[in-house]
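Q:
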Amino acid sequence: MDLCLYICLLSRGDVMSNQHTESGAKGYIIGFIASLILTAIPFYYAGTQSLPAHTTYAILFGCAIVQVIVHFVYFLHMELKTDEGRWNFISLIFSAIVVLIVIGGSLWIMWNLNVNMMM
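For what it's worth, my numbering labels the leading residue of the sequence shown as 73, then goes sequentially.
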């Protein structure tokens, strides 16, 4: 166990005192409105079918990518300006790589089992 954490727990100190908290809900409201807009745009084009299918898919994919970025910035506070934000981003990338390896390995094993059992 970390000595700093141990001392803070014994003295009933604030362990997370070095983190800043943003007062107010301005960031959350901006993120919420951006998420609503980025959800409504593909919903409109998919519902009205006013554009060709490949264009609708491109709009849907683009809005999905932008919405993921909005969620990371406004709700998960993934900012690359601070050291802590960079470490959080590195942890996110590492976790995504591990998840992709686990899913890919599972699919590979199931495919090989299917091929070997269908002799």
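We put the CB at the ideal spot given by N, CA and C, even for glycine.
I need the DSSP call for S122, collapsed to helix, strand or coil.
A: For the purposes of this step, residue 122 is identified with residue 50 of the sequence shown, where counting begins at 1. In this structure, S122 counts as coil in the three-state DSSP scheme.
Q: Give the secondary structure of K98 by DSSP, where H, G and I count as helix, E and B as strand, and everything else as coil.
A: If you number the sequence shown from 1, residue 98 lands on position 26. Residue state, collapsed to three classes: helix.
Q: Straight-line CA distance for S178 to V171?
A: The count along the sequence shown starts at 1 and reaches residue 178 at position 106. The count along the sequence shown starts at 1 and reaches residue 171 at position 99. Those two C-alpha atoms are separated by around 11 Å.
Q: At the level of alpha carbons, what is the spacing between W159 and N184?
A: In the sequence shown, residue 159 corresponds to position 87, counting from 1. In the sequence shown, residue 184 corresponds to position 112, counting from 1. So the two alpha carbons sit approximately 37 Å from each other.
Q: Please name the residue in I105, N188, H126 and M189 whose C-alpha comes closest to that of Y146.
A: Walking along the sequence shown from the start, residue 146 turns up at place 74. The shortest C-alpha separation from Y146 is found at I105.
Q: Which residues mark the beginning and the end of the alpha helix (DSSP H) in which F147 is found?
A: Taking the sequence shown and counting its residues from 1, the one referred to as residue 147 is at position 75. Premise fails: F147 is in no alpha helix (DSSP H) and is neither H nor E.
Q: In this structure, how does DSSP classify T154 when only helix, strand and coil are distinguished?
A: Stepping through the sequence shown from its first residue, residue 154 is reached at position 82. In the structure shown, T154 sits in coil (DSSP, three-state: anything other than H, G, I, E or B).
Q: Using the beta-carbon count (16 or more within 10 Å), is K110 buried or exposed?
A: Translated into positions along the sequence shown, residue 110 becomes position 38. Correcting the residue identity first, residue 110 is Leu in this sequence and not Lys. Under this definition L110 is a buried residue.
Q: State the DSSP-derived secondary structure class of M190, mapped to helix, strand or coil.
A: What you label residue 190 is simply residue 118 of the sequence shown in a count that begins at 1. M190: coil per DSSP, three-state reduction.
Q: For the candidate residues V142, L132 and A130, whose alpha-carbon lies nearest to that of I101?
A: Numbered from its first residue, the sequence shown carries residue 101 at position 29. Ranking the options by Cα distance to I101, first place goes to V142.
Q: Roughly how many angstroms lie between the CA atoms of V138 and S107, to the nearest whole one?
A: Sequence index remark: in the sequence shown, residue 138 carries index 66 (1-based). Sequence index remark: in the sequence shown, residue 107 carries index 35 (1-based). Approximately 9 Å between the Cα atoms of the pair.
Q: Using only CA atoms, which one of I181, L148, M182 and A168 lies nearest to G99?
A: Reading the sequence shown from its first residue, position 27 is the one you call residue 99. Of I181, L148, M182 and A168, the residue nearest in Cα terms is L148.
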